[in-house]
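Asks:
In our numbering, the protein residues as written are 394 to 523.
(1) Decide if residue 424 is buried, meaning its Cβ has at least 16 other Cβ atoms within 10 Å, or exposed.
(2) Since residue 400 is in the alpha helix (DSSP H), which residue starts that stretch and which ends it?
(3) Alpha carbon to alpha carbon, what distance is there between residue 473 and residue 479?
(4) Alpha helix (DSSP H) containing residue 455: first to last residue?
(5) Within 8 Å, do at least three Cβ pairs link the stretch 416-432 to the stretch 459-475?
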(Lines of atoms letter the chains of each structure in order from A and count residues from 1; the text may use other names and numbers.)
(Lines give C-alpha, C1' and ligand atoms only; values in the text may rest on other atoms or scores of the structure.)
Protein backbone atom coordinates (compact mmCIF):
# COMPACT_ATOMS: atom_id res chain seq x y z
CA UNK A 1 0.00 0.00 0.00
CA UNK A 2 1.42 3.37 -1.01
CA UNK A 3 0.91 6.20 1.42
CA UNK A 4 1.13 9.93 0.72
CA UNK A 5 4.72 11.01 0.95
CA UNK A 6 5.96 7.43 0.37
CA UNK A 7 9.52 7.96 -0.95
CA UNK A 8 9.20 4.99 -3.32
CA UNK A 9 6.09 6.41 -4.99
CA UNK A 10 7.58 9.91 -5.10
CA UNK A 11 10.77 8.52 -6.65
CA UNK A 12 8.89 6.59 -9.34
CA UNK A 13 6.68 9.59 -10.13
CA UNK A 14 9.68 11.94 -10.24
CA UNK A 15 11.53 9.59 -12.62
CA UNK A 16 8.47 9.34 -14.84
CA UNK A 17 8.07 13.13 -14.91
CA UNK A 18 11.75 13.57 -15.82
CA UNK A 19 11.52 10.92 -18.57
CA UNK A 20 8.40 12.50 -20.04
CA UNK A 21 10.03 15.91 -19.99
CA UNK A 22 13.25 14.63 -21.55
CA UNK A 23 11.90 12.22 -24.17
CA UNK A 24 8.32 13.23 -24.96
CA UNK A 25 8.01 17.01 -24.57
CA UNK A 26 7.53 18.96 -27.79
CA UNK A 27 6.77 22.61 -28.48
CA UNK A 28 2.98 22.18 -28.25
CA UNK A 29 2.71 19.53 -25.50
CA UNK A 30 3.84 15.92 -25.30
CA UNK A 31 4.18 13.49 -28.20
CA UNK A 32 3.58 9.77 -28.11
CA UNK A 33 6.70 7.67 -28.46
CA UNK A 34 6.36 5.63 -31.65
CA UNK A 35 9.45 3.44 -31.09
CA UNK A 36 10.95 3.01 -27.64
CA UNK A 37 14.16 1.55 -29.04
CA UNK A 38 14.98 4.62 -31.12
CA UNK A 39 12.86 7.06 -29.08
CA UNK A 40 11.25 8.23 -32.33
CA UNK A 41 8.21 10.39 -31.55
CA UNK A 42 4.80 10.07 -33.12
CA UNK A 43 2.98 13.19 -34.30
CA UNK A 44 0.13 12.86 -31.81
CA UNK A 45 -0.76 13.22 -28.15
CA UNK A 46 -3.47 10.85 -26.95
CA UNK A 47 -6.29 12.47 -24.98
CA UNK A 48 -5.80 10.08 -22.06
CA UNK A 49 -2.32 11.52 -21.52
CA UNK A 50 -3.79 14.77 -20.21
CA UNK A 51 -6.95 13.37 -18.61
CA UNK A 52 -5.43 10.32 -16.94
CA UNK A 53 -1.63 10.15 -16.94
CA UNK A 54 -1.05 13.73 -15.82
CA UNK A 55 -3.93 13.57 -13.32
CA UNK A 56 -2.41 10.56 -11.57
CA UNK A 57 1.10 11.99 -11.71
CA UNK A 58 -0.23 15.13 -10.05
CA UNK A 59 -2.02 13.09 -7.38
CA UNK A 60 1.20 11.13 -6.73
CA UNK A 61 3.34 14.20 -6.08
CA UNK A 62 0.92 16.91 -4.90
CA UNK A 63 0.77 17.71 -1.19
CA UNK A 64 -2.24 16.10 0.48
CA UNK A 65 -3.48 19.45 1.77
CA UNK A 66 -3.44 20.99 -1.72
CA UNK A 67 -5.48 18.15 -3.19
CA UNK A 68 -7.93 18.21 -0.26
CA UNK A 69 -8.58 21.94 -0.80
CA UNK A 70 -9.45 21.27 -4.45
CA UNK A 71 -12.13 18.61 -3.84
CA UNK A 72 -15.49 18.74 -2.12
CA UNK A 73 -15.23 15.46 -0.17
CA UNK A 74 -12.67 14.03 2.25
CA UNK A 75 -9.99 12.25 0.21
CA UNK A 76 -10.42 9.11 2.27
CA UNK A 77 -14.00 8.81 1.03
CA UNK A 78 -13.12 8.95 -2.68
CA UNK A 79 -12.37 6.28 -5.23
CA UNK A 80 -10.58 7.42 -8.37
CA UNK A 81 -11.52 5.60 -11.58
CA UNK A 82 -9.03 4.63 -14.25
CA UNK A 83 -10.28 7.68 -16.14
CA UNK A 84 -9.27 9.98 -13.28
CA UNK A 85 -12.87 10.64 -12.16
CA UNK A 86 -13.71 10.90 -8.46
CA UNK A 87 -16.51 8.83 -6.95
CA UNK A 88 -17.41 9.63 -3.33
CA UNK A 89 -18.36 6.68 -1.14
CA UNK A 90 -21.50 6.98 0.92
CA UNK A 91 -20.96 6.88 4.65
CA UNK A 92 -23.14 4.25 6.30
CA UNK A 93 -24.98 5.45 9.38
CA UNK A 94 -25.69 8.92 10.69
CA UNK A 95 -24.41 11.90 8.78
CA UNK A 96 -21.50 13.66 10.39
CA UNK A 97 -23.05 17.03 9.53
CA UNK A 98 -20.04 17.90 7.38
CA UNK A 99 -19.68 17.24 3.68
CA UNK A 100 -22.85 16.26 1.87
CA UNK A 101 -23.40 12.56 1.29
CA UNK A 102 -23.58 10.87 -2.08
CA UNK A 103 -27.36 11.28 -2.27
CA UNK A 104 -27.24 15.05 -1.80
CA UNK A 105 -24.30 15.60 -4.11
CA UNK A 106 -25.16 13.33 -6.99
CA UNK A 107 -28.93 12.79 -6.55
CA UNK A 108 -28.27 9.06 -6.38
CA UNK A 109 -31.48 8.15 -4.55
CA UNK A 110 -33.61 9.85 -7.18
CA UNK A 111 -31.91 7.82 -9.90
CA UNK A 112 -31.44 4.60 -7.89
CA UNK A 113 -34.29 4.36 -5.34
CA UNK A 114 -33.42 0.75 -4.41
CA UNK A 115 -30.21 2.07 -2.83
CA UNK A 116 -32.28 3.40 0.09
CA UNK A 117 -33.04 -0.17 1.17
CA UNK A 118 -29.49 -1.45 1.35
CA UNK A 119 -26.14 0.05 2.31
CA UNK A 120 -23.77 0.87 -0.51
CA UNK A 121 -20.48 -0.97 -0.67
CA UNK A 122 -17.61 0.82 0.95
CA UNK A 123 -13.88 0.38 1.02
CA UNK A 124 -12.96 -1.47 4.19
CA UNK A 125 -9.25 -0.63 3.97
CA UNK A 126 -8.02 2.26 6.08
CA UNK A 127 -7.55 5.39 4.04
CA UNK A 128 -3.95 6.36 3.33
CA UNK A 129 -5.07 10.00 3.35
CA UNK A 130 -6.42 10.31 6.88
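Glycine included, every Cβ here is placed at the ideal spot set by N, Cα and C.
Replies: Reading it off the structure:
(1) So residue 424 counts as buried.
(2) Element bounds for residue 400: 400-416.
(3) In this structure, the straight-line span from the alpha carbon of residue 479 to that of residue 473 is close to 5 Å.
(4) Note, residue 455: premise wrong, no alpha helix (DSSP H); not H, not E.
(5) Using a Cβ-Cβ distance cut-off of 8 Å, the stretch 459-475 and the stretch 416-432 are not in contact, since fewer than three pairs of beta carbons, one from each stretch, lie closer than that value.
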